[in-house]
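Report on the following structure.
Numbering (my numbering), first residue to last: 1 to 633.
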């Protein structure tokens, strides 16, 4: 008996793309390939056991040219009368691909010489099972717009519908093994094609077009709040312009009196979750007045409400409303909400129509490279409290808090802010606690707007701490990360003391640098690194003593050291001579890094001197006051 996980099947329902080939495990040959040839036709092959053998049946790999990654495939053939050849490209692990939801295959080809598209081979799919287990055959030349230019990567786009139509008896679309290339024109000329980046794409997801006469994207529509709208799938009353469909979703507002809400509408669990990787949602929308607007709410790894890129501007005319998922940081979508009459003052007679809710996968969208730094906290919007914080305390332990509504209340759960001391900017956070046996406390520091941080490319968390009195590092709290979603959604916990060489000196800002690798290693089951909400500090030593830490300038950085060498503190003057780094007017801890990020030296600098043997090069000198750069020639 074969058991299938319903959860895994649903998760795969709307996958946006599947990779057939991007890199081989070997730079010499691709193990998940197979070549069959009949003389006098030839194909250049490699043997899996050793290079140079003439009886191989694997496609070679090359490290140049490549479209992306580390290697590409090399298909070098000669097609001759009376001969034949075929070569399959499959996935690492000989995976089986369910292409029932996919719409196209894309890959890239490169010829070292100009090549007429009529000289290109035929191709077809083979599946792991089925009768037949091969599709009909098509000409590759039909899917390039022109002959191939020499030494140029050209994209090939094949609608899968063409392959399914090539042989209607082929139905094994859910267990596809790979793509075969096969002899075509027998011209007795040796040809070479480099092949790379084979991907199946789902393209767009139509969540609902309402043509069934029902709402199909969910099993239950939750009106929110109740008693604000009547809604039903109806005959399209404006069957013109961009929308000539038969059925649409009608939303009629009725007067809820004093309870009227501009944000009234619905929320619904999607039957099929929208996975990460999509770029926007497009909705056909028609309003019967001149004021209604459509706003949506997406809930998944990220939860956010946002309006269309361009507001509705027409009356009794269908418009396409575009909601930018990429710009709003939306990843997957489990719950979708809409507010069909988001406008104040409310029109209690407003009628709106919704149709063709479509999730768009747009390959022209260029995702910007990840930033080198991300700021978790630099300034709060209020000098009294930080709204994006949260404190939980269990007596007899205590944490000093502020209430968001008013000062002086004792039931607050926000961290206070101070305008002095600050490391930079206008304010800093104040964490004042007392840790007691049988008690507990924790305090979250998050970003303005409760942003989600993708830390997959980040290496370091840096922030600054300040105590009004000398403080042993053993008295410092523990810390961990919390994410917006995930199971678990919290990292393992670490002692803050591990990231300070000594206890804190009174009234001195001291930098804390935490390698994120330590946080990830604290609990290997925590994988929600792409939606981190913030940093929790938590009770550690129960010493029943009131402690105070001021906290400022929380930054994630992608450099291994956590130091940005482009930013130097001009007040720090450092130079190297006679086996010593000299730092003017400084006594304290010093760390020295090379440009690769290796910690080459560290220690206490008394009278501004640190003994260290350095070779020629550029070094980053990090102190409790900031960092600077020295160059040895």
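C-beta atoms are modelled at their ideal positions from N, C-alpha and C, and glycine is treated no differently.
- A Cβ-Cβ distance of about 7 Å is found for the pair residue 130 and residue 175, placing them in contact under the 8 Å criterion.
- In the assembly as shown, residue 264 is a buried residue. Its beta-carbon has 16 or more other beta-carbons within 10 Å.
- In the DSSP assignment, residue 513 forms a beta bridge with 462.
- According to DSSP, residue pairing for residue 238 in a beta bridge does not occur.
- A check of alpha carbon separations from residue 460 across 240, 516, 435 and 493 identifies 516 as the nearest.
- Secondary structure at residue 469: coil, using DSSP grouped into helix, strand and coil.
- Residue 511 has its alpha-carbon roughly 57 Å from the corresponding atom of residue 128.
- At least 9 Å separates the beta-carbon of residue 445 from that of residue 385.
- Counted as a single uninterrupted DSSP element, the beta strand (DSSP E) harbouring residue 75 occupies residues 72–78.
- Contact between the segment 190–207 and the segment 245–252 is absent, with fewer than three C-beta pairs closer than 8 Å.
- In the three-state DSSP reduction, residue 81 falls in the coil class, being neither helix nor strand.
- For residue 252, the CB contacts under 6 Å within the same chain, skipping 5 residues up- and downstream, are 230 and 351 in chain order.
- With fewer than 16 neighbouring CB atoms inside 10 Å of its own CB, residue 51 falls in the exposed class.
- As the crow flies, the alpha-carbon of residue 104 is around 49 Å from that of residue 443.
- Pairing residue 412 with residue 402, the inter-Cα distance amounts to about 5 Å.
- Residue environment analysis places residue 213 among the exposed positions, since fewer than 16 neighbouring C-beta atoms fall within 10 angstroms of its C-beta.
- In the three-state DSSP reduction, residue 329 falls in the coil class, being neither helix nor strand.
- With fewer than 16 other beta carbons inside 10 angstroms of its own, residue 113 counts as exposed.
- The beta carbon of residue 232 lies closer than 6 Å to those of 250 in the same chain, with the five residues before and after it left out.
- Beta-bridge analysis with DSSP links residue 231 to 251.
- DSSP links residue 324 through a beta bridge to 280.
- With a beta-carbon spacing of about 4 Å, residue 432 and residue 400 fall inside the 8 Å limit used to define contacts.
- The way I'd put it, the segment 579–587 doesn't touch the segment 433–440; fewer than three beta-carbon pairs between them come closer than 8 Å.
- Secondary structure of residue 520 (DSSP, three-state): helix.
- Residue range 389–394 is occupied by the beta strand (DSSP E) that includes residue 390, with no alpha helix (DSSP H) assigned at that position.
- Counting along the chain, the unbroken beta strand (DSSP E) around residue 444 starts and ends at 440–446.
- In the structure shown, residue 498 falls within a helical segment according to DSSP collapsed to helix, strand and coil.
- Checking the DSSP bridge columns, you'll see residue 111 partnered with 150.
- Here residue 550 carries a strand assignment [DSSP, helix/strand/coil].
- Remark: C-beta atoms of residue 177 and residue 48 do not approach each other more closely than 9 Å.
- When the five nearest sequence neighbours on each side are left out, the beta carbons in the same chain lying within less than 8 Å of the beta carbon of residue 221 are those of 215, 231, 266 and 268, in order along the chain.
- Counting C-beta atoms within 10 angstroms of its own C-beta, residue 313 has fewer than 16 neighbours from the protein chains shown and is therefore classed as exposed.
- Following the DSSP letters along the chain, one finds residue 163 inside the alpha helix (DSSP H) bounded by residues 160–166.
- Of 181, 69, 97 and 159, the smallest CA-CA separation from residue 84 is found for 181.
- By the Cβ-count criterion, residue 66 is buried, with 16 or more other Cβ atoms from all chains shown falling within 10 Å of its own Cβ.
- Residues of the same chain with a CB within less than 8 Å of the CB of residue 358, apart from the 5 flanking positions on each side, are 204, 205, 206, 207, 281, 282 and 283 in chain order.
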